[in-house]
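*Asks:*
Number of protein chains: 2
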Amino acid sequence: MPILQPIPERLLLGPGPSNAHPSVLEAMSRPLLGHLDPDFIALLDRVKQGLREVFGTANAMTLPISATGSAGMEAALVNLLEPGDPILVGVNGVFGGRMAEVARRAGARVTTVEATWGTPLDANAMAEAIARVRPRVVSFVHAETSTGVCQPVDEISRAARDADAMVVLDCVTSLSGRPVELDAWGIDGAYSGTQKCLSCPPGLSPVSFSERAIEAVKARKTPVQSWYLDLSLLAGYYEGEKRVYHHTAPITATYGLAAGLDRVLEEGLPKRYSRHTEAAERLLAGVEPLGFEPLVEASYRLPMLNALRLPERVRQLGEGPVRARLLEEFGIEVGAGLGPLAGEIWRVGLMGENARPAVVDRLLEALRKVLA
Amino acid sequence: MPILQPIPERLLLGPGPSNAHPSVLEAMSRPLLGHLDPDFIALLDRVKQGLREVFGTANAMTLPISATGSAGMEAALVNLLEPGDPILVGVNGVFGGRMAEVARRAGARVTTVEATWGTPLDANAMAEAIARVRPRVVSFVHAETSTGVCQPVDEISRAARDADAMVVLDCVTSLSGRPVELDAWGIDGAYSGTQKCLSCPPGLSPVSFSERAIEAVKARKTPVQSWYLDLSLLAGYYEGEKRVYHHTAPITATYGLAAGLDRVLEEGLPKRYSRHTEAAERLLAGVEPLGFEPLVEASYRLPMLNALRLPERVRQLGEGPVRARLLEEFGIEVGAGLGPLAGEIWRVGLMGENARPAVVDRLLEALRKVLA
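Those sequence lines, one after another, are chains A and B. Counting in my numbering, the first sequence runs from 92 upward without gaps. Counting in my numbering, the second sequence runs from 92 upward without gaps.
#1: Would you identify the three-state DSSP class for A:Ile-156, choosing helix, strand or coil?
#2: Nearest CA to the CA of B:Pro-122: which residue from A:His-233, A:Ser-120 and A:Asn-110?
#3: Please list, in chain order, all residues of the same chain as A:Asn-150 whose beta carbon is under 8 Å from its beta carbon, the five residues on each side excluded.
#4: Taking 8 Å as the cut-off, does the stretch 130–144 of chain A touch the stretch 345–363 of chain A (at least 3 CB pairs, one atom from each stretch)?
#5: Is B:Val-335 helix, strand or coil when you go by DSSP?
#6: In chain order, what residues of the stretch 301–314 of chain A put their CB closer than 7 Å to some CB of chain B?
#7: Which residues of the stretch 133–165 of chain A have a Cβ closer than 9 Å to any Cβ of chain B? Give them in chain order.
#8: Give the interface partners of A:Val-193 over in chain B, defined as CB-CB distance under 9 Å, in chain order.
#9: Report the three-state DSSP secondary structure of B:Ile-423 (helix, strand or coil).
#10: Going by DSSP, what residues sit across from A:Trp-437 in a beta bridge?
#11: Under 9 Å between beta-carbons, which chain A residues line up against B:Glu-424? List them in chain order, please.
#12: What are the uninterrupted segments assigned as alpha helix (DSSP H) that are 4 or more residues long and contained completely in the stretch 279–310 of chain A, given in chain order?
#13: Alpha carbons only, please: which of B:Thr-210, B:Val-451 and B:Gln-407 is nearest the one belonging to B:Glu-369?
#14: Check each residue of the stretch 166–186 of chain B: if its Cβ is closer than 7 Å to any Cβ of chain A, include it; give the result in chain order.
#15: Give the residues from the stretch 338–351 of chain A that approach chain B closer than 8 Å (Cβ to any Cβ), ordered along the chain.
#16: Counting only Cβ-Cβ distances shorter than 7 Å, please list the residues of the stretch 247–279 of chain A near chain B, keeping chain order.
#17: From the DSSP secondary-structure annotation, give me the bridge partner or partners of B:Glu-235.
#18: Do the stretch 245–263 of chain B and the stretch 423–435 of chain B touch if we need at least three Cβ pairs shorter than 8 Å?
#19: Looking only at its own chain, which residues have a Cβ that is under 8 Å from the Cβ of B:Val-335, when we skip the five neighbours before and after it?
#20: Please confirm if A:Asp-353 has its CB atom under 8 Å from at least one CB of chain B.
#21: If you draw a straight line from the C-alpha of B:Cys-262 to the C-alpha of B:Arg-366, how long is it?
#22: Could you check where the beta strand (DSSP E) with B:Thr-202 kicks off and where it finishes?
#23: Taking C-beta pairs closer than 7 Å, name the residues in chain D that B:Ser-120 reaches, listed in chain order.
#24: So which of B:Val-145, B:Ile-98, B:Glu-246 and B:Thr-264 has the shortest CA-CA distance to A:Thr-339?
#25: Distance, Cα to Cα, B:Ile-94 vs A:Lys-309?
#26: Nearest CA to the CA of A:Ser-120: which residue from B:Ile-98, B:Met-217 and B:Leu-260?
#27: Taking A:Glu-358 as the reference, give the member of A:Leu-289, A:Ser-248 and A:Ala-194 with the closest Cα.
#28: For a test of the three-state rule: what should DSSP assign to B:Met-257, helix, strand or coil?
#29: Inspect the CB distances between the stretch 166–181 of chain A and the stretch 212–226 of chain A and report whether three or more fall short of 8 Å.
#30: Taking the beta carbon of A:Pro-113 as the centre, do at least 16 other beta carbons fall within 10 Å, making it buried, or is it exposed?
#31: Have a look at B:Ile-342 and B:Gln-407 and give me their C-alpha separation to the nearest angstrom.
#32: Is there a Cβ from chain B that is less than 8 Å from the Cβ of A:Arg-196?
#33: For the stretch 275–287 of chain B and the stretch 197–209 of chain B, state whether three or more C-beta atom pairs, one from each stretch, are separated by less than 8 Å.
#34: Whose Cβ in chain B lies nearer than 7 Å to the Cβ of A:Gly-105?
#35: Whole alpha helix (DSSP H) runs in the stretch 172–224 of chain B with 4 or more residues, listed along the chain?
#36: Kindly say whether A:Leu-110, judged by its beta-carbon, lies nearer than 8 Å to any beta-carbon of chain B.
Structure (structure tokens):
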């Protein structure tokens, strides 16, 4: 039996990957260029510029890391932290917890400020901890994919900068679905993934680092523990007049990201943000009669990742079996809850190309049938 | 101007990427599945089995790491080494040197045995150093992409195992172009890339770890410094009955690897190895009249990466300008020399799909015109 078998069509309404735009998939079938080919370097430079636009930044060091979003998280933390450095991490879901773990493995002294899953971090609690810990880095998640919470950034970031700490922000799920404004917010290190609102396959992690962050990396006393993610080495390939081989960049994935960014910039960010908001409103209005309730209070709710408390009917049928029926009979994937929210919620992603009324309606119709 | 511009057709005869098989590119344009979709998990399991065949191993822990070959190197070393562990690294080119650097960043005590670039490591010198250093890990490169040297593996591996050391082998350029026999050779950790003889785009790093290596990882006293590359965490997603989310696997790249492995296994490994050998013979016979001379002695020469000393005519015209003409006028990429071999050699890759007489002849014809 061949390894590659026919791939079924799926509507991907989980926490990511979302469905890729057809032009992205077409781009990924184009012939390969070498990673030092002038045409590829020029493409990479345009991709970097497109990423600056969606990140809301002028940061020179804005590029796609050659791995998935979790490696982008690791890149941000291992470059900005040296062994023994204090870091304050806000934890209100899986990905804040992951940040703390990655920082520990980088030898940092980790302090966490926790908030109940489904609620945002308390800016006052973060500010108090910043004053107490005097961290080198403050890190938290903009869009918590495990809970659907959108974290207000400004106040925490200001407190961090007032204490001369660098700020690392997880933008994996927010990028191009909710406003991300790295420069206005004063963010020093940010990372995302391609498989959420950018509607590209997973495989690359867009990252961006401020001048201040780059200076801190240059002033390190110890080498970055990861050779693969060392920003000083990456700069030799991604920046400057003469590009030096570091690793072999994922050519095809870069084509896909280029096409994805073209779709985002053609549409325009404000329109794209509104489209996400409207799709979420349509979803919530449609699932309410079925008994689903949003986990997150309206003012902190993410539009592209809807955490929905399960109604009695789903619990009766079993949430796993219902998700399996949606997948098998209707070709629709929705996401399960993680950690303390496993069995309590579903995570319904309306990301990028999928943030559209027709997509919402297709899910609602399937849900009505499955729960009838 | 759109970010994605028309992609020129290139014949990629450098050190990789090589051209992807059309069926690989077609596979990469297929619709996405979720990373926990039963159809994707089944595909991943078949990919793992295909990788076992090309690696010559029954190792359960054989999988594609979600990043490029250099991350595979990092995965092998950071999992098998703890801070303070002694490692012996054979260095006869860029990639041996990179191994030593990655090991240093993992806190290991690194001893190197060096050999002149273009020659293999001396098995006796390695055995003597193993006896002296008593390393936890012995690592070296099977196919040095920077020099075109094929390293005999057996003798060094035996010396390492006799001293109870684990053996890490870089198979980036050799896999599916030269026999790789991890189990017969007694290798504990191996890594490769998809963009060489497998004729897939860059983006994944096939790796394989022995039972002994997995036991060593389980017995670690310290956590693996990289969360992204931690084999114990990766095992939760890549192995077992119930798969647990770790990171989002690169779905599309996995489709491509599946198609690439199908082409390899359809052809059969022995035939594929012969095809590489024959293509290299044709190349060497064709470039000799033009004054190119192989850098490496015949018995250690790699067929898929031909290091060629430059003739006077190329030096007169300038090796950079000649490569640029090959690229611009003939659409053919060949690789420059690295390190001490910069300006001294070209690296002509005949990898995977490109190890064919017609490809060799196209290069020879272009060379004759450019050097006329």
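Note that beta-carbon positions come from the ideal geometry of N, C-alpha and C, so glycine has one too.
*Replies:* Judging by the given coordinates:
#1: Taking the first sequence and counting its residues from 1, one reaches residue 156 of chain A at position 65. In the structure shown, A:Ile-156 falls within a strand segment according to DSSP collapsed to helix, strand and coil.
#2: If you number the second sequence from 1, residue 122 of chain B lands on position 31. When each option's Cα is compared against that of B:Pro-122, the closest is A:Asn-110.
#3: Counting from one through the first sequence, the residue named residue 150 of chain A turns up at place 59. Around A:Asn-150: Arg-143, Leu-273, Asp-274, Ser-299, Phe-300, Ser-301 and Glu-302.
#4: Using a C-beta cut-off of 8 Å, the stretch 345–363 of chain A makes contact with the stretch 130–144 of chain A, since at least three inter-stretch Cβ pairs fall below that distance.
#5: Looking up residue 335 of chain B in the second sequence gives position 244. Coil at B:Val-335, not helix or strand.
#6: Residues of the stretch 301–314 of chain A with a C-beta less than 7 Å from any C-beta of chain B: Pro-314, listed in chain order.
#7: Considering only beta carbons, the part of the stretch 133–165 of chain A lying closer than 9 Å to chain B consists of Ala-133, Leu-134, Arg-137, Val-138, Gln-140, Gly-141, Ile-156, Ser-157, Ala-158, Thr-159, Gly-160, Ser-161, Ala-162, Met-164 and Glu-165, in chain order.
#8: Here residue 193 of chain A corresponds to residue number 102 of the first sequence, with the count starting at 1. Here the neighbours are Ser-317, Trp-318 and Tyr-319.
#9: Residue mapping note: residue 423 of chain B aligns to position 332 of the second sequence, counting from 1. DSSP places B:Ile-423 in strand when its eight states are reduced to three.
#10: If you number the first sequence from 1, residue 437 of chain A lands on position 346. In the DSSP secondary-structure assignment, A:Trp-437 is bridged to A:Leu-399 and A:Ala-427.
#11: Residue mapping note: residue 424 of chain B aligns to position 333 of the second sequence, counting from 1. Contact annotation for B:Glu-424 against chain A: Leu-124, Gly-125, Leu-127 and Asp-128 [CB-CB distance below 9 Å, chain order].
#12: The stretch 279–310 of chain A contains these whole alpha helix (DSSP H) runs: 302–309.
#13: Sequence index remark: in the second sequence, residue 369 of chain B carries index 278 (1-based). Among B:Thr-210, B:Val-451 and B:Gln-407, the Cα nearest to that of B:Glu-369 is on B:Val-451.
#14: For the stretch 166–186 of chain B, which is checked against every Cβ of chain A, not one residue is closer than 7 Å.
#15: Under the 8 Å Cβ criterion, the stretch 338–351 of chain A contributes His-338, Thr-339, Ala-340, Pro-341, Ile-342, Thr-343, Ala-344, Tyr-346, Gly-347, Ala-349 and Ala-350.
#16: Of all residues in the stretch 247–279 of chain A, none has a Cβ within less than 7 Å of some Cβ in chain B.
#17: Residue 235 of chain B sits at position 144 when you count from the first residue of the second sequence. BP columns for B:Glu-235 point to B:Val-240.
#18: With a cut-off of 8 Å, the stretch 423–435 of chain B and the stretch 245–263 of chain B do not count as touching, because too few Cβ pairs lie within range.
#19: The sequence position of residue 335 of chain B within the second sequence is 244, counting from 1. Excluding residues within five positions, the ones whose Cβ falls inside 8 Å are Gly-327 and Tyr-328.
#20: If you number the first sequence from 1, residue 353 of chain A lands on position 262. Taking Cβ atoms only, chain B reaches closer than 8 Å to A:Asp-353, which makes this a yes.
#21: To locate residue 262 of chain B, count along the second sequence from 1; it is residue 171. To locate residue 366 of chain B, count along the second sequence from 1; it is residue 275. B:Cys-262 and B:Arg-366: Cα-Cα distance of roughly 18 Å.
#22: As a working note, residue 202 of chain B is residue 111 in the second sequence. Following the DSSP letters along the chain, one finds B:Thr-202 inside the beta strand (DSSP E) bounded by residues 200–205.
#23: Looking at the structure shown, chain D is missing, and the protein chains on hand are A and B.
#24: The count along the first sequence starts at 1 and reaches residue 339 of chain A at position 248. Nearest of B:Val-145, B:Ile-98, B:Glu-246 and B:Thr-264 to A:Thr-339, Cα basis: B:Thr-264.
#25: Indexing the second sequence from 1 puts residue 94 of chain B at position 3. Indexing the first sequence from 1 puts residue 309 of chain A at position 218. Between B:Ile-94 and A:Lys-309, the alpha-carbon positions lie close to 31 Å from each other.
#26: Residue numbering aside, residue 120 of chain A sits at position 29 when the first sequence is read from its first letter. Taking only the C-alpha atoms, the option nearest A:Ser-120 is B:Ile-98.
#27: To locate residue 358 of chain A, count along the first sequence from 1; it is residue 267. Check the Cα spacing between A:Glu-358 and each of A:Leu-289, A:Ser-248 and A:Ala-194: the tightest is with A:Leu-289.
#28: Translated into the one-based positions of the second sequence, residue 257 of chain B becomes position 166. If DSSP states are grouped into helix, strand and coil, B:Met-257 belongs with the strands.
#29: Taking 8 Å as the limit for Cβ pairs, the verdict is that the stretch 212–226 of chain A does touch the stretch 166–181 of chain A.
#30: In the first sequence, residue 113 of chain A corresponds to position 22, counting from 1. With fewer than 16 other Cβ atoms inside 10 Å of its own Cβ, A:Pro-113 counts as exposed.
#31: Walking along the second sequence from the start, residue 342 of chain B turns up at place 251. Walking along the second sequence from the start, residue 407 of chain B turns up at place 316. Taking the straight line from one Cα to the other gives about 48 Å.
#32: Indexing the first sequence from 1 puts residue 196 of chain A at position 105. The Cβ of A:Arg-196 sits closer than 8 Å to at least one Cβ of chain B.
#33: With the cut-off at 8 Å, the stretch 275–287 of chain B and the stretch 197–209 of chain B do not touch.
#34: The residue labelled residue 105 of chain A in the question sits at position 14 within the first sequence. What A:Gly-105 touches in chain B: Gly-125.
#35: Complete alpha helix (DSSP H) runs here, min 4: 185–196 and 214–224.
#36: Reading the first sequence from its first residue, position 19 is the one you call residue 110 of chain A. It is worth fixing the name first, because residue 110 of chain A is Asn in this sequence and not Leu. Closer than 8 Å: yes.
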